[in-house]
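Asker:
In the numbering used here, the protein residues as written are 357 to 518.
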């Protein structure tokens, strides 16, 4: 493995963690999955082929499999409405932490109206901040289909929120 993997980790760990965190119940579970994702990526780094997509899309594919494996080991599908946020409130600004936690809980409750595929697309777009071509590659669909999937999911959420 070349010395550039540390830079790849630094660039991609936050968006991948946000994606995984939307898909698993708590921070500790997300941290476990992310650790497994980067271990798997390091082990298979020599096989990464830039001709097949960006590093971000490749890592997101590994993360999607990691989330699926986590749920398979847990023996259940993610209950979106029951997902709790276990981030501790910051001591320097507890009001902001409380408001953020309430907003996160509200968003998770609204996500329950989406199908699993729609939630995945929304998490990839807004959690991992992937582009439509990258979302398409991760989900095995075309970029226009990925764009439409996200658009329709956001439309469903908009109707739910309003």
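We put the beta carbon where it would ideally sit given N, CA and C, even for glycine.
Any idea if residue 408 is buried or exposed, counting beta-carbon neighbours within 10 angstroms, 16 or more meaning buried?
Answerer: exposed
Asker: Tell me the rounded alpha-carbon separation between residue 490 and residue 410.
Answerer: 8 Å
Asker: Would you check if there are 3 or more beta carbon pairs closer than 8 Å linking the segment 377-384 to the segment 392-409?
Answerer: no
Asker: Given a cut-off of 8 Å, decide if residue 488 and residue 503 are closer than it, judged by their beta-carbon atoms.
Answerer: yes
Asker: From residue 483 to residue 420, what does the alpha carbon distance come to, in whole angstroms?
Answerer: 13 Å
Asker: Which of the three DSSP states is assigned to residue 409 in this structure?
Answerer: coil
Asker: Taking residue 514 as part of the alpha helix (DSSP H), name the residues at either end of that continuous run.
Answerer: Taken as a continuous stretch (DSSP letters only), the alpha helix (DSSP H) holding residue 514 covers 499-517.
Asker: Among 430, 466, 374, 362, which residue has its Cα nearest to the Cα of residue 480?
Answerer: Of all alpha-carbon atoms in 430, 466, 374, 362, the one lying nearest the alpha-carbon of residue 480 is that of 374.
Asker: By Cβ distance below 6 Å, which residues in the same chain neighbour residue 442 in space, the five residues on each side in sequence not counted?
Answerer: Its pLDDT being 43, under 50, residue 442 is placed unreliably in this model, and the coordinates cannot settle the point.
Asker: Can you give the Cα-Cα distance for residue 517 and residue 469, rounded to whole angstroms?
Answerer: 11 Å
Asker: The alpha helix (DSSP H) that contains residue 391, what's its start and end?
Answerer: Unbroken alpha helix (DSSP H) run through residue 391: 383-399.
Asker: Looking at C-alpha atoms only, which residue of 387, 415, 428 is the closest neighbour of residue 485?
Answerer: 415
Asker: Just to confirm the assignment, what range does the alpha helix (DSSP H) spanning residue 484 have?
Answerer: No alpha helix (DSSP H) holds residue 484; DSSP gives it neither H nor E.
Asker: Within a Cβ cutoff of 8 Å, which residues of the same chain sit near residue 477, ignoring the five residues on either side of it in sequence?
Answerer: 491, 495, 502, 505, 506, 509
Asker: With residue 393 and residue 372 assumed to form a contact (beta carbons below 8 Å), what rounded beta-carbon distance in angstroms separates them?
Answerer: 6 Å
Asker: Just how far apart, CA to CA, sit residue 424 and residue 465?
Answerer: 21 Å
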